[in-house]
Amino acid sequence: MLLPSAVMREDTFDIVMLGTFGLWRLGTLQSRALPFASELAARGYRCAIVTSPWDMPFERGVVETRDGVLIVNTAAAGATTLPAVFQQLEVIRHLRPRLIHLFKPRGFGGIAARCLLGRVPVIVDSDDWEGDGGWNRQGHYPLAQRRLFDWQERTLLRDADGVTAASTLLTERACVLRRSSRNVHRLPNGLASSWIAELEAARSPASERAAPTVLLYSRFEEFAPGWPDQFARSLR
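One point on numbering: in numbering that gives the first Met the number 0, the residue at position 136 of the sequence shown is 135, and numbering is uninterrupted.
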């Protein structure tokens with residue numbers, strides 16, 4: 000896979016974030032990995048996102064820069080796994096990162112990260128429960144895929160040099176799998192600074208005078224549906 004000559008001539012990247020699907024369809028890369036990478040880039044770190052957009056065929060082979068972050072989509076991203084994994088590893092070899100941050104411990108990115116363990120520090124990000132008991136139950140995947148995803152999640156969370164997790168539940172699960180809380184960090188989802196600026200600009204004087212509103216976003220994995228009401232009543 001060819002990269003722009005300017006990229007090939009540049010120095011080592013600080014962080015390469017690995018994905019396993021298109022950047023713009025699901026939330027993990029566009030709403031979690033990219034904002035993190037953009038904020039790091041604004042602070043002088045050289046970051047790239049490398050992914051295989053099997054779910055967005057028109058993105059295959061696209062290389063672009065967004066908010067100071069290099070985004071590389073492998074040209075291979077079909078049902079055959081190995082070409083996409085080989086291309087991810089080829090891109091990583093050219094970028095020479097100091098750190099790999101895998102977003103979702105499964106699929107193409109998960110296999111590439113497994114190959115890199117012991118060669119470069121690998122951090123695994125967990126923003127969903129992927130294997131048995133999680134998306135394996137909801138995703139309608141073939142049996143072989145479910146077994147692979149469950150194995151990838153359990154072993155990558157266990158074997159990685161560190162883990163970032165989006166919730167308390169996922170943080171605790173990573174600690175159980177690793178039998179230690181060492182190098183496990185809770186890293187909640189958040190808004191990029193540019194989004195916060197847009198929201199601030201959209202505020203009207205009328206909305207500021209209105210009664211405060213609390214917006215709770217949850218899948219109710221960490222508490223029962225009735226807990227928010229009980230909590231609000233206890234504040235009165």
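Where a beta carbon is used, it is the ideal one built from N, C-alpha and C, also for glycine.
Backbone secondary structure at residue i - three-state DSSP
i: E129; result: coil
i: F222; result: coil
i: M116; result: Checking the displayed sequence, the identity of residue 116 turns out to be Leu instead of Met. DSSP places L116 in coil when its eight states are reduced to three.
i: G108; result: helix
i: T50; result: strand
i: F12; result: coil
i: V183; result: strand
i: T79; result: coil
i: V84; result: helix
i: T27; result: helix
i: V213; result: coil
i: R65; result: strand
Cα-Cα separation between residue i and residue j, rounded to whole angstroms
i: F35; j: P224; result: 30 Å
i: W150; j: V61; result: 30 Å
i: G108; j: S217; result: 26 Å
i: G42; j: D66; result: Reading off the sequence shown, one finds Arg at residue 42, where the question assumed Gly. About 12 Å.
i: R136; j: G130; result: 8 Å
i: L214; j: V183; result: 28 Å
i: T163; j: Q229; result: 30 Å
i: I48; j: V90; result: 10 Å
i: L69; j: A201; result: 30 Å
i: A75; j: Y44; result: 28 Å
i: R59; j: P104; result: 21 Å
i: L88; j: T11; result: 15 Å
i: A210; j: L234; result: 16 Å
Delimiting residues of the alpha helix (DSSP H) encompassing residue i
i: F20; result: It is not in any alpha helix (DSSP H) - F20 carries neither H nor E in the DSSP assignment.
i: A143; result: L142 to D158
i: H139; result: From DSSP, H139 is part of no alpha helix (DSSP H); its letter is neither H nor E.
i: A40; result: L33 to A41
Boundaries of the beta strand (DSSP E) in which residue i is found, first to last residue
i: F57; result: Counting along the chain, F57 falls outside any beta strand (DSSP E), and DSSP gives it neither H nor E.
i: T170; result: No beta strand (DSSP E) holds T170; the alpha helix (DSSP H) holding it covers T167 to R177.
i: T163; result: G161 to A164
i: N72; result: V68 to N72
i: L234; result: Unbroken run through L234: none, as it is neither H nor E.
i: L101; result: L98 to F102
Closest Cα partner of residue i within the set the options
i: L169; options: L22, D127, A40 and P56; result: D127
i: R118; options: A159, R178, Y140 and Y44; result: A159
i: P52; options: G189, C114 and G77; result: G77
i: L98; options: A173, L17 and R105; result: L17
i: G161; options: P104, R181, E63 and K103; result: R181
i: R185; options: R24, I122 and L25; result: I122
i: S125; options: C114, A173, T154 and L94; result: A173
Residue environment, residue i, which counts as buried when at least 16 other CB atoms sit within 10 Å
i: D54; result: exposed
i: F148; result: buried
i: T19; result: buried
i: P141; result: exposed
i: L198; result: exposed
i: H139; result: exposed
i: R31; result: buried
i: V175; result: exposed
Closer than 7 Å to chain C by CB, residue i
i: N188; result: Looking at the structure shown, chain C is missing, and only one protein chain is on hand.
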